[in-house]
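Report on the structure given below.
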Amino acid sequence: MDQIKSYIASHKDRFLNELIELLKIPSISADPAYSKDVLKTAEMVEQSLKDAGCDITEICETKGYPVVYGEKTVDSKLPTILVYGHYDVQPPDPMDLWTSPPFEPVVKTTELHPDGAIFARGACDDKGQMYMHVKAIEFMTKNDLLPCNVKIMIEGEEEVGSDSLADFLEDHKEKLANDIILISDTGMIANDVPSITTGLRGLSYVEVEVTGPNRDLHSGIYGGAVPNPINVLNKMIASLHDEDNRITVDRFYDKVEEVSAEERAEMAKAPFDLEDYKNALDIDDVYGEKGYSTSERYSIRPTLDVNGIWGGYTGEGAKTVIASKAYAKISMRLVPHQDPDEITELFIKHFEAIAPKGVKVKVTPHHGGLPYVTNMDSLGYKAAAKAYEKTFEKTPIPERTGGSIPIVALFEQVLNSKTILMGFGLDSDAIHSPNEHFGVWNYLKGIETIPYFYKYFTEMNS
Ligand code: BES
Ligand code: MN
Ligand code: MN
1 MDQIKSYIAS
11 HKDRFLNELI
21 ELLKIPSISA
31 DPAYSKDVLK
41 TAEMVEQSLK
51 DAGCDITEIC
61 ETKGYPVVYG
71 EKTVDSKLPT
81 ILVYGHYDVQ
91 PPDPMDLWTS
101 PPFEPVVKTT
111 ELHPDGAIFA
121 RGACDDKGQM
131 YMHVKAIEFM
141 TKNDLLPCNV
151 KIMIEGEEEV
161 GSDSLADFLE
171 DHKEKLANDI
181 ILISDTGMIA
191 NDVPSITTGL
201 RGLSYVEVEV
211 TGPNRDLHSG
221 IYGGAVPNPI
231 NVLNKMIASL
241 HDEDNRITVD
251 RFYDKVEEVS
261 AEERAEMAKA
271 PFDLEDYKNA
281 LDIDDVYGEK
291 GYSTSERYSI
301 RPTLDVNGIW
311 GGYTGEGAKT
321 VIASKAYAKI
331 SMRLVPHQDP
341 DEITELFIKH
351 FEAIAPKGVK
361 VKVTPHHGGL
371 PYVTNMDSLG
381 YKAAAKAYEK
391 TFEKTPIPER
401 TGGSIPIVAL
411 FEQVLNSKTI
421 LMGFGLDSDA
431 IHSPNEHFGV
441 WNYLKGIETI
451 PYFYKYFTEM
461 NS
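Under UniProt numbering, the first residue of the sequence shown carries the number 1, and numbering increases by one thereafter.
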C-alpha cells in the first residue's frame, strides 16, 4: 500500500482536473430544471468507475434519479466493502455571495488551506469526497493491491432526502451484501486533528402554513382588527422554545437519549475553542439549550430551527398590506431513540394546538431520517483508526456530528451493516453555503488514507 504516496505524487494534477470536470456539471437534485445535468453527472460517475477498474458498472434506475453502481470482486471468500456517496448537490443560491461562479471550479488558497482549495458547489459535499474513493479504488486496481472485494453505490437524491433509496435497498439486498459500509460525507476536526464520525443526528422536516383572512387586506383599514398570519406565525414559532431554549413541543424529549456524565466528560476532551468558533462566524456569543456546551448542543442534543420564513410584501419600498398567508420551513435534528415520524406527529399536534382562534394552520411533512451512532469497539472503527494513524501519524478522535445522512440508519435496518464515516472536510468548508470549497490537501489525504482502511479491515477480518 505504501506506493500510494508516490502514485498520488505522479497523478495529482489529473486527480484534480477530473474532479474539476465533475464539479462543472450543476447536478442540483432539488430543481427539476437541472434534471439533464443530474443524469449527465450519473453517466460521468459511471465512466469514472469503469476507468477505475470496476468489473461491473451500472446505472440503476429508481423512481427518482439513478444510483450509479460498480463492483470489483477479488475473491468471494474475502470481505466486501460497500462504498456510498452522492453525486447530487445543493442549490447554489444566494448567487451574489459567491466570489467565483459555483459551477466554474477554481483553486484558491485560504487561511486553513494554504495548499489551495477547490471552490465549487459540491466540492466537499459530496463530489470531492466521493471521488476520493474512486481514485483510491483506481490506485488499488491498477497496482494489483486491492485486498478485498469492493462495491460502490453513488446516489443522486441525497440532498433531497434519498426518497428512492429505501426501495432500492430492499430490491437489491443481495447485490449490496457487504461486511462494512464506508462513507466520506462528513467532516473532521482540523487538518492536524483527524477524527472519525461516530454519530449522525436524525431529521424531521416540516413546512407550515398559517392562513388568516381569505385575501390580502389594506393594513390600515383592517390592521389591528383581524389576525395577521405573519404576526401569528412568528408568535407561534417564538413559543416553540422556552426561556432555557428547550423545545416546547409536547413530549418532544420523551425518548431523547441522556448521555452519561462519563461519556460527556470523554467527549469534552475533543479539542474545541469557543473563541475561534465565535470569531469564525463573527458572533459575539453562542446561543442554545441551557446546561449544555456548544459542542454538545450541536451533537448530542435535539434542535428545532426555522430554515426559511416568508409571506406578505418583500419587494422594493413599502406596501401596506396584511397578507392572507404566512409560511415557514422548520427542521428538527434528532438524537438516538427519537423517531422522525413520531416527532413529526408530535409537532403537528402541538402546532395545531397552539394556533389561536381566527387562523387555520396546515403542516406538511417533508423528508425525515433516523439518527445513527456507532461504537469504537468494532473492527471497522479500529481499521479506520489504524488507517488515520498511518497517514496522519495521529490517533483520530471519535466525534458525533450534528448533520444527517438518513441512509446510514437504513443500511443498518435493511442490509444489517454497520457504517464507518471517514470524513475529510472541515466545518469551515461552507457546505450548503456560498463559496463551498474542499482543501486540495484534504482531497489527496483522503485518497491516501482510504486504501489503508481496505488493508487493515481485510487483515482484521482474516
Ligand atoms: N453530507 C451532508 C451531511 C453532513 C455534513 C453530516 C457534514 C455531517 C457533517 C449531507 O449531504 C446533508 O446535507 N444531509 C442533510 C440531510 C438530507 C436529508 C437533506 C442535512 O444534514 O441537512
Ligand atoms: Mn453530503
Ligand atoms: Mn449535503
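Where is the CB? At the ideal position from N, CA and C, for every residue including glycine.
- At a cut-off of 8 Å, the beta-carbon of residue 13 does not count as near ligand 2: no heavy atom of the ligand is closer than that.
- Inter-segment contact for the segment 103-123 and the segment 388-398 is absent: fewer than three beta-carbon pairs are separated by less than 8 Å.
- Short of 6 Å from the beta carbon of residue 60, and not among the five residues preceding or following it, lie these beta carbons of its own chain, in chain order: 66, 67 and 69.
- Between ligand 3 and residue 3, a heavy atom-to-CB distance of less than 8 Å is absent.
- Excluding its 5 nearest sequence neighbours in each direction, residue 442 has C-beta neighbours in its own chain below 6 Å: 424, listed in chain order.
- By alpha-carbon distance to residue 62, the top candidate from 30, 156 and 32 is 156.
- Under the three-state reduction of DSSP output, residue 441 falls in the helix class.
- About 7 Å separates the beta carbons of residue 201 and residue 403, which is inside the 8 Å limit, making them a contact pair.
- Bridge pairing for residue 305: 331 [DSSP].
- Using a Cβ-Cβ distance cut-off of 8 Å, the segment 207-224 and the segment 358-366 are in contact, since at least three pairs of beta carbons, one from each stretch, lie closer than that value.
- A direct Cα-to-Cα measurement between residue 374 and residue 196 gives close to 10 Å.
- Judged by DSSP secondary structure, residue 205 falls within the beta strand (DSSP E) whose first and last residues are 202-211.
- In this structure, the beta-carbon distance from residue 15 to residue 182 does not fall below 9 Å.
- Unbroken alpha helix (DSSP H) stretches of 4 residues or longer found wholly inside the segment 324-403: 340-354 and 379-392, given in chain order.
- Within the same chain, and ignoring the five residues on either side of residue 220 in sequence, the residues whose Cβ sits closer than 8 Å to its Cβ are 320.
- Listed in chain order, the alpha helix (DSSP H) elements of length 4 or more contained wholly in the segment 232-280 are 261-267.
- In this structure, residue 417 keeps its C-beta atom at 9 Å or more from the C-beta atom of residue 79.
- Annotated three-state conformation of residue 419 is strand, per DSSP.
- In this structure, ligand 2 has a non-hydrogen atom nearer than 8 Å to the beta-carbon of residue 405.
- The alpha-carbon of residue 116 is positioned some 35 Å away from that of residue 459.
- Distances between the C-beta of residue 125 and the heavy atoms of ligand 1 include at least one below 8 Å.
- Annotated as distal: residue 370 and residue 162, with beta-carbon spacing of 9 Å or more.
- When only Cα atoms are considered, residue 311 and residue 232 end up about 12 Å apart.
- Three or more Cβ pairs drawn from the segment 247-265 and the segment 299-319 lie within less than 8 Å of each other, which places the two stretches in contact.
- For residue 38, the enclosing alpha helix (DSSP H) has its first and last residue at 35-51.
- Sequence-distant Cβ neighbours of residue 99 in its own chain, meaning closer than 7 Å and more than five residues away, are 435.
- Counting only the Cα atoms, residue 348 lies some 48 Å from residue 391.
- Under the three-state reduction of DSSP output, residue 119 falls in the strand class.
- In the DSSP assignment, residue 60 forms a beta bridge with 67.
- Cβ-Cβ distances below 7 Å link residue 230 to 311, 312, 323 and 326 in the same chain, with the five nearest sequence neighbours on each side left out; the list follows chain order.
- Counting other Cβ atoms within 10 Å of its Cβ, residue 218 stays below 16 and is therefore classed as exposed.
- In this structure, the CA atom of residue 247 is about 13 Å from the CA atom of residue 330.
- Within a 10 Å sphere around the beta-carbon of residue 97 sit fewer than 16 other beta-carbons, which makes this residue exposed.
- As DSSP reads the structure, residue 181 sits in a beta bridge with 82 and 419.
- Here residue 93 is not near residue 159, since their CB atoms are 9 Å or more apart.
- Contact between the segment 183-190 and the segment 286-293 is not established, with fewer than three Cβ pairs separated by less than 8 Å.
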